[in-house]
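Just so you know, our numbering puts the end of the sequence shown at 795, numbered straight through with nothing missing. Single-structure report; data block below.
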Amino acid sequence: MLEPKPIAKALGYQSIQVPVAVRLNTNESPYAPPESWQKRFTAEVTNLELNRYPDRDCTSLRAKLADYHQVNPENIWCANGSNEVLLLLLSAYGGASRKAAFYEPSYLMHFYISKITDTQVISLERNSSFKVSADQVLTEQEKNKFDILFLCSPNNPTGNTEDKDQVTAICRRFNGLVIIDEAYVEFSSFSFESLIHEFDNVAIIRTFSKTWAMAGLRLGYVIANKEIINHLKAVTLPYNVSSVTQVGGLLALDYENEMKQRVNLIIQERQRVINTLKELSSLYVWDSEANFYLIKPTTIVASELHEKLLEHSVLVRDVSSYKNLENCLRVTVGTRAENDRFLDALNKILK
Ligand SMILES: *Cc1c(COP(=O)(O)O)cnc(C)c1O
445 MLEPKPIAKA LGYQSIQVPV AVRLNTNESP YAPPESWQKR FTAEVTNLEL
495 NRYPDRDCTS LRAKLADYHQ VNPENIWCAN GSNEVLLLLL SAYGGASRKA
545 AFYEPSYLMH FYISKITDTQ VISLERNSSF KVSADQVLTE QEKNKFDILF
595 LCSPNNPTGN TEDKDQVTAI CRRFNGLVII DEAYVEFSSF SFESLIHEFD
645 NVAIIRTFSK TWAMAGLRLG YVIANKEIIN HLKAVTLPYN VSSVTQVGGL
695 LALDYENEMK QRVNLIIQER QRVINTLKEL SSLYVWDSEA NFYLIKPTTI
745 VASELHEKLL EHSVLVRDVS SYKNLENCLR VTVGTRAEND RFLDALNKIL
795 K
C-alpha cells in the first residue's frame with residue numbers, strides 16, 4: 445500500500461469531544477442564535493431547491509457582507525468555515541517552494557494547513573507578551589526568507605491583540621502575504637480590516653463560528669484586495685458553501701445587534717471570571733480580549749487539573765504542550781452558570 449505524506453500519519457489537530465455538563469474547550473458561543481433567526485432560517489431552508497447546486501459565488505451573501513464591512517463584494521470570498529479560507533490561501537500562495545512563518549504559541553491550524561499544502565513552516569517565537577514586532581519579523585524574514593506570515597489578533601490561545609503600529613509596519617515592509625486571523629475580533633476593541641485599503645498583501649480572516657454563535661453552520665470568509673480574491677476563486681472547489689449555509693449567513697447579518705449583545709454579555713463574564721481568578725494565589729491568569737483566557741496553576745500540574753476538572757464534568761483545553769505555554773490551560777467563557785461551575789470546581793480542586 446502507498447505510504448501517505450507524513451502529515452497524514454500524524455494525529456493532526458484534535459480537541460477531544462466528550463459529553464460533559466460544562467464545555468469550555470472550543471471557544472464556541474454558549475448561546476444559541478436568536479429565536480427569530482431560527483424561525484426564518486427553518487422557513488427559508490424549507491423553500492430551498494436542494495436538487496440544485498448552490499450559487500457558486502455566494503453572490504447575495506458576499507454583497508451583504510461587503511455592506512457590513514463597507515467594502516466591495518470583490519473584496520470578499522466565502523468558504524466552509526474560516527479554516528477552509530486558510531486552506532484556500534495556502535493552496536493559492538503556499539506549496540513546496542514557499543515558506544510560512546508561524547509565531548508560537550498560536551492557532552495550530554495555521555501550522556497544520558501549511559503542512560497539508562506542503563508549505564515549509566518556519567517556527568518562530570512571540571515575545572514575552574505574546575506579541576510579534578515589526579523589527580523581529582523583518583530580521584527573521586531576512587534570515588529565513590519566508591513568503592507568508594500568519595498573525596492572529598486576538599491570538600488563540602493567549603487572548604492578546606497585536607499592536608496596530610507594529611502590524612501596519614509589517615504590512616508596509618514585508619513583501620509577502622500577511623494573513624491576519626480575526627476569528628475573535630468582536631471580543632476585542634479593534635480590527636485590522638482597514639489595512640486592506642492601504643496594502644494589497646493583507647488577508648483578513650473572519651468566521652461565523654464564534655461571535656455569531658454558528659459554529660455548526662460552517663461559514664467563514666476573507667476580506668482582501670480583489671486580486672487575492674481572484675486567486676482564491678481559482679483554487680476553490682465548486683460549490684464549497686452549501687445553500688443552507690448561504691441562507692444562514694445571509695439571515696444572520698440581520699441580527700447584528702443581537703450578536704453584539706451576546707458579545708457584550710460574554711465580555712462582562714470574561715472580566716468577572718478573570719477578576720475572580722486574579723484573587724487566587726495558586727494560579728496565574730492572563731488578561732484577554734477574546735472569549736477565552738489562559739491560566740497557569742502554580743500548585744498542580746496542568747494535565748492533572750484538566751483531569752480533575754473533567755471529574756467535575758468541566759472540559760477545558762490543555763495547551764501545556766504549546767511552545768512557551770508550559771503548564772497552561774485555555775478556558776472558554778461560558779454562561780454565568782457555566783463559569784460559576786468552573787470556578788466552583790477549581791476552588792474545590794485547588795483547596
Ligand atoms: C475558532 C477559530 C477559527 C474558526 O474556524 P472555523 O473553521 O471558522 O470554525 C479560526 N481561527 C482561529 C484562530 C480560531 O480560534
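Quick reminder that beta carbons are idealized off the backbone N, C-alpha and C, glycines included.
To which residues of the same chain is residue i closer than 7 Å at the C-beta, ignoring the five residues directly before and after it?
{"i": "Arg716", "result": "none"}
{"i": "Pro498", "result": "Tyr683, Val685, Ser686, Ser687, Gln690"}
{"i": "Val707", "result": "Glu630, Phe631, Thr655"}
{"i": "Ala540", "result": "Asp562"}
{"i": "Lys752", "result": "Ile793"}
{"i": "Tyr602", "result": "A quick correction: the sequence has Thr, not Tyr, at residue 602. These residues qualify, in order along the chain: Pro549, Phe574, Trp730, Leu738."}
{"i": "Val758", "result": "Val464, Val466, Leu468, Arg785, Phe786, Ala789"}
{"i": "Tyr551", "result": "Cys596, Asn600, Asp625"}
{"i": "Asp607", "result": "Lys575"}
{"i": "Ser459", "result": "Asn469, Thr470, Arg761"}
Which residues in the same chain as residue i place their Cβ atom closer than 6 Å to its Cβ, once the five residues preceding and following it in sequence are excluded?
{"i": "Gln564", "result": "Lys543"}
{"i": "Val629", "result": "Ser635"}
{"i": "Leu385", "result": "One cannot answer for residue 385 here, as it falls past the ends of the chain, which runs 445 to 795."}
{"i": "Val763", "result": "Pro601, Leu769, Cys772, Arg774"}
{"i": "Ala734", "result": "Pro598, Gly603, Tyr628, Phe631"}
{"i": "Tyr728", "result": "Lys740"}
{"i": "Leu621", "result": "Tyr537, Ile592, Asn645"}
{"i": "Lys795", "result": "none"}
Just to check, is the beta-carbon of residue i closer than 7 Å to a non-hydrogen atom of ligand 1?
{"i": "Tyr547", "result": "no"}
{"i": "Tyr737", "result": "no"}
{"i": "Ser526", "result": "yes"}
{"i": "Ala668", "result": "no"}
{"i": "Ala627", "result": "yes"}
{"i": "Cys502", "result": "no"}
{"i": "Ala437", "result": "Since the first residue of the chain shown is 445 and the last is 795, residue 437 is not available in this structure."}
{"i": "Tyr551", "result": "yes"}
{"i": "Gly664", "result": "yes"}
{"i": "Lys654", "result": "yes"}
{"i": "Ala659", "result": "yes"}
{"i": "Thr651", "result": "yes"}
{"i": "Cys596", "result": "yes"}
{"i": "Asn469", "result": "no"}
{"i": "Asn684", "result": "no"}
{"i": "Asn604", "result": "no"}
{"i": "Asn495", "result": "no"}
{"i": "Asn600", "result": "yes"}
Might you give, ordered along the chain, the residues of its own chain that have their beta carbon closer than 8 Å to the beta carbon of residue i, omitting 5 neighbours on each side?
{"i": "Glu671", "result": "Asp644"}
{"i": "Glu548", "result": "Ser567, Leu568, Glu569, Arg570, Tyr766, Lys767, Asn768"}
{"i": "Thr680", "result": "Trp521, Ala523, Leu532"}
{"i": "Ile451", "result": "Tyr556, Lys559, Ile560"}
{"i": "Val760", "result": "Leu468, Asn469, His750, Leu753, Leu773, Arg774, Val775, Thr776, Phe786"}
{"i": "Leu534", "result": "Ala544, Ile557, Ser558, Ile560, Thr561, Thr563, Ile592"}
{"i": "Asn516", "result": "Ala510, Lys670"}
Which residue wins for smallest C-alpha separation from residue i, given the options the options?
{"i": "Leu695", "options": "Leu505, Pro474, Asn519", "result": "Leu505"}
{"i": "Glu528", "options": "Tyr512, Met553, Gln514", "result": "Met553"}
{"i": "Asp591", "options": "Ser765, Ala536, Ser550", "result": "Ala536"}
{"i": "Pro463", "options": "Ile667, Glu770, His756", "result": "His756"}
{"i": "Ile614", "options": "Gln580, Gly603, Leu773", "result": "Gln580"}
{"i": "Ser632", "options": "Trp656, Ser577, Ile711, Leu639", "result": "Ile711"}
{"i": "Ser726", "options": "Val611, Val745, Asn735", "result": "Val745"}
{"i": "Glu518", "options": "Pro741, Lys677, Ser550, Leu709", "result": "Lys677"}
{"i": "Ile673", "options": "Asn599, Gln461, Leu494, Leu530", "result": "Leu530"}
{"i": "Tyr737", "options": "Lys483, Ile718, Phe546", "result": "Ile718"}
{"i": "Gly778", "options": "Gln461, Ile460, Thr470, Lys453", "result": "Thr470"}
{"i": "Leu509", "options": "Leu787, Glu713, Gly664", "result": "Gly664"}
{"i": "His750", "options": "Arg774, Asn735, Glu479", "result": "Arg774"}
{"i": "Val666", "options": "Asp609, Ala487, Ile623", "result": "Ile623"}
{"i": "Arg650", "options": "Phe485, Tyr475, Gly525, Lys453", "result": "Gly525"}
{"i": "Val804", "options": "Ile648, Ala454, Gly693", "result": "Here the chain covers residues 445 to 795 and nothing more, so residue 804 does not appear."}
{"i": "Ser480", "options": "Asn701, Ser653, Pro741, Leu709", "result": "Asn701"}
{"i": "Thr605", "options": "Leu621, Lys740, Glu472, Ser732", "result": "Ser732"}
{"i": "Asp609", "options": "Gly620, Lys453, Ser577, Gln461", "result": "Ser577"}
{"i": "Ala781", "options": "Lys740, Asn491, Glu748, Arg714", "result": "Arg714"}
{"i": "Ile648", "options": "Ala657, Asn669, Ala659", "result": "Asn669"}
{"i": "Thr743", "options": "Asn791, Met703, Leu697, Asp698", "result": "Asn791"}
{"i": "His641", "options": "His513, Ala507, Asn783", "result": "His513"}
{"i": "Ala476", "options": "Ala507, Phe652, His675", "result": "Phe652"}
{"i": "Asp698", "options": "Pro478, Ser473, Pro474", "result": "Pro478"}
{"i": "Glu637", "options": "Val611, Ala659, Met658", "result": "Val611"}
{"i": "Arg662", "options": "Glu472, Ser572, Gln705, Lys449", "result": "Glu472"}
Using a beta-carbon distance below 8 Å, is residue i in contact with chain C?
{"i": "Val576", "result": "In summary, chain C is missing from the structure at hand, where a single protein chain is found."}
Touch check for the segment 584-599 and the segment 711-726: three-plus C-beta pairs under 8 Å? no
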